[in-house]
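Trainee:
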Ligand SMILES: Nc1ncnc2c1ncn2[C@@H]1O[C@H](COP(=O)(O)OP(=O)(O)OP(=O)(O)O)[C@@H](O)[C@H]1O
Ligand SMILES: [Mg+2]
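Quick look at the structure:
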């Protein structure tokens, strides 16, 4: 099946509902993410951010509504095809979710070994991914021997090992000091600007997300630079979730100027 990113969003949710024993949690979410767009999801704890990311990754199925990703209705895909689909989506989990008993190498290589890629190629790709996150020297370490920021970088290396066109970041800077958070943001900008990744990013730290609007990764210079004042930066837009429903959608200017008191809570 061919997918034309100029005609269709890379990710779209239509009337998506999901609930558990305690009742419905997402109440009919509509959302679109265009090719190379970064959509920032903010909302209080329990508002449904992680659920949205898991639905986009095909890790959960909605009770009602449709989730389309890269031209496929993943909410209707049989399990076997979902496995193929997931290769196209990198997921940086909220808690890093590394396998503690496995080395950094084994964690990063995990998906490639699952797919029985040959070992020589695995070694080369794992080193490349670790070089990208500047952690090649940690290849034989266990997650327990790393700092929180390093573990987050290993999660990013693991997510990008299949060179996915879509990356879902679940609170990638949560719990990190500002300097370490900055290194993570730089990696995210690099994936966006040098690799053309389409992303959904959940966060409580809107200030970090604003860096996505104001800076870009300059591949030639190999560093992060401010976006020119009147220059068109890469598309970064904001969605605010409140109790399982979208209560705001818009760009940086719109969110900065929002008069809604719930939205304003994230601006301070
Ligand atoms: N598998 C599950 N079974 C039952 N309830 C669930 C499940 N997954 C999520 N929930 C509930 O859905 C709601 C939304 O959860 P979600 O993890 O999406 O919140 P969140 O916005 O990511 O919060 P946080 O900012 O704390 O990460 C919560 O009330 C949670 O308890
Ligand atoms: Mg969450």
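Numbering (the numbering used here), first residue to last: 10 to 277. In this text, a Cβ means the ideal position worked out from N, Cα and C, and glycines have one as well.
Any chance the CB of residue 103 is under 8 Å from a heavy atom of ligand 2?
Mentor: yes
Trainee: Taking the alpha-carbon positions, what's the residue 180 to residue 164 distance?
Mentor: 12 Å
Trainee: When burial is assigned at 16 or more other CB atoms within 10 Å of the CB, is residue 71 buried or exposed?
Mentor: buried
Trainee: What does the alpha-carbon distance come out to for the pair residue 152 and residue 146?
Mentor: 13 Å
Trainee: How close, in whole Å, do the beta carbons of residue 101 and residue 224 come, if the pair is a contact with beta carbons under 8 Å?
Mentor: Actually they do not touch by this definition, with Cβ atoms about 19 Å apart.
Trainee: Are there 16 or more other CB atoms within 10 angstroms of the CB of residue 235, so buried, or fewer, so exposed?
Mentor: exposed
Trainee: Over what stretch of residues does the beta strand (DSSP E) that includes residue 247 continue unbroken?
Mentor: 245–251
Trainee: What residue range is occupied by the uninterrupted alpha helix (DSSP H) comprising residue 185?
Mentor: No alpha helix (DSSP H) contains residue 185, which DSSP labels as neither H nor E.
Trainee: With DSSP run on the structure shown, which of helix, strand or coil describes residue 84?
Mentor: Residue 84 falls in the helix class under three-state DSSP.
Trainee: Between residue 189 and the rest of its own chain, which residues show a CB-CB distance below 7 Å, the 5 nearest in sequence each way excluded?
Mentor: 158
Trainee: If you measure from each residue's Cβ to the nearest non-hydrogen atom of ligand 1, which ones come out under 5 Å, in chain order?
Mentor: 29, 34, 54, 55, 56, 57, 58, 59 and 60
Trainee: Who does residue 73 pair with in a DSSP beta bridge?
Mentor: 26
Trainee: Extract the residue ranges of the alpha helix (DSSP H) inside the stretch 192–216, only unbroken runs of 4 or more that lie entirely within it.
Mentor: none
Trainee: Terminal residues of the continuous beta strand (DSSP E) containing residue 272?
Mentor: First-last for residue 272: 270–273, but that is the alpha helix (DSSP H), not the beta strand (DSSP E).
Trainee: Taking all protein chains shown into account, decide if residue 277 is buried (16 or more other Cβ within 10 angstroms of its Cβ) or exposed.
Mentor: exposed
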